[in-house]
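Peer 1: So for the sequence shown, full-length UniProt numbering puts the first residue at 1; every next one is plus one.
Next up is a structure, given as structure tokens.
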Amino acid sequence: MLKKLLSFYIWICGLLTVGVTFFVFFYILVKGEAYLSPSFILDFPSGTPLGTAGGIFPAIVGSLLSGAVAAVCASLGATLLTVWAVFICKNRRLYEIFRFCTECASGIPSVLLGLFGYSIFLIHLDIHKSVLTAGMTLGIMIIPFITVRLEKMFREYPVDRIAAARALGIGDMHIVATLVIGTRKQEFFSAVALATAYAMGAAAPVMFTGAVLFTRRLPGLTDPFMSLPYHLYLLVSEGYSVSLAYGTAFVLIVMLLIVNCICRFALKRGK
């Protein structure tokens, strides 16, 4: 009887989770369908104030660029940290401090990370707002996310293979690059892509470090840029156009959903 009740409870929780997800998705779709068109996706913003009409193409490009910079920075930093924690660090207390710091960093509010990036990159290093500064700030935000998943992947790799490689005189970095990551590329890129999707949906870090209300051209790495979550925040907070905000939110959700689906497909195919 208890097992049946537990099974029923699990099914109810699962159905509620799926139901709420689909409700939010279709609610945003219904509210913003009037703006969903090729011109909305491919045109530049217009109107008075700027951004209250036209399209969101610069915001889409800016979000993709900042996400790509974040992925490169975070994957490199997380890989080096994980290699140190798994293969180099022999001190148990030092490793526990590392784990504690990683867990604490993963819970830091994104707005504080945005202020951190602003103080480091824009004030102390005197770098102006750009895709690069915003991407590096987002990269700092998702390093703990990737580190936890990479550590699990490294720990699950057969120890005897690593010992055999070390016996042949192969260095730890070469072991990680060719054996661990080389044989589990799908899991590695899946973790990085999921973290990138998380970064692309964050507004607070880019608000201080790179995002602007409007740009007249597509951004480069050293240019300020429009960001979908920040553009959405401005549309809602300033009351410019709620309908346009729903359309922007739907495009952002679809982008993140595509990234997640690609990750799931690649991970399943790799297994």
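Glycine included, every Cβ here is placed at the ideal spot set by N, Cα and C.
It should be emphasised that the depicted structure is a prediction, and the values quoted were computed from it without experimental measurement.
Return the first residue and the last residue of the alpha helix (DSSP H) that His231 is part of.
Peer 2: Run containing His231: Leu228 to Ser237, per the alpha helix (DSSP H) assignment.
Peer 1: Taking Cys263 as the reference, give the member of Gly201, Ile143 and Ala193 with the closest Cα.
Peer 2: It is Ala193.
Peer 1: Does the segment 58–77 come close enough to the segment 133–144 to have 3 or more Cβ pairs within less than 8 Å?
Peer 2: Segments in contact, yes.
Peer 1: Kindly confirm or deny that the segment 228–239 and the segment 108–128 touch, where touching means at least three C-beta pairs closer than 8 Å.
Peer 2: With a cut-off of 8 Å, the segment 108–128 and the segment 228–239 do not count as touching, because too few Cβ pairs lie within range.
Peer 1: Can you tell me where the alpha helix (DSSP H) holding Asp160 begins and where it ends?
Peer 2: Note, Asp160: alpha helix (DSSP H), Val159 to Ala167.
Peer 1: When the Cα atoms are used, what is the spatial distance from Val30 to Ala78?
Peer 2: Val30 and Ala78: Cα-Cα distance of roughly 40 Å.
Peer 1: Helix, strand or coil for Gly54 per DSSP?
Peer 2: DSSP places Gly54 in strand when its eight states are reduced to three.
Peer 1: Quick one: what does DSSP say Ala203 is sitting in, helix, strand or coil?
Peer 2: In the structure shown, Ala203 sits in coil (DSSP, three-state: anything other than H, G, I, E or B).
Peer 1: In whole angstroms, what separates the C-alpha of Ser46 from that of Leu213?
Peer 2: Those two C-alpha atoms are separated by around 11 Å.
Peer 1: Comparing C-alpha positions only, which one of Leu80, Ile10 and Gly19 sits nearest to Met173?
Peer 2: Residue Leu80 is the option with its Cα nearest to Met173.
Peer 1: Specify the secondary structure class of Pro45 as computed by DSSP and reduced to three states.
Peer 2: Three-state DSSP puts Pro45 in a strand.
Peer 1: If you draw a straight line from the C-alpha of Ser243 to the C-alpha of Asn260, how long is it?
Peer 2: Spanning the two alpha carbons is a distance of roughly 26 Å.
Peer 1: Buried or exposed: which applies to Gly210, given that a residue is buried once 16 or more other Cβ atoms fall within 10 Å of its Cβ?
Peer 2: So Gly210 ends up on the buried side.
Peer 1: Quick one: which unbroken alpha helix (DSSP H) runs of 4-plus residues sit fully inside the segment 99–160? Chain order, please.
Peer 2: Correct list: 110–117 and 131–156.
Peer 1: Taking a contact to mean a Cβ-Cβ separation below 9 Å, would you say Phe25 touches Ile181 in this structure?
Peer 2: Not closer than 9 Å, so no.
Peer 1: Going by alpha carbons, who is nearest to Thr102 out of Tyr157, Phe208, Ile146 and Leu36?
Peer 2: Checked all of Tyr157, Phe208, Ile146 and Leu36; the closest Cα to Thr102 is Ile146.
Peer 1: Just reading off the alpha helix (DSSP H) that Lys31 is part of, what are its end residues?
Peer 2: Leu2 to Gly32 is the extent of the alpha helix (DSSP H) around Lys31.
Peer 1: How far does the alpha helix (DSSP H) with Ile88 in it extend, from its first residue to its last?
Peer 2: Run containing Ile88: none; DSSP gives neither H nor E here.
Peer 1: Let me know the secondary structure DSSP gives Phe214 once reduced to three states.
Peer 2: Coil, per DSSP.
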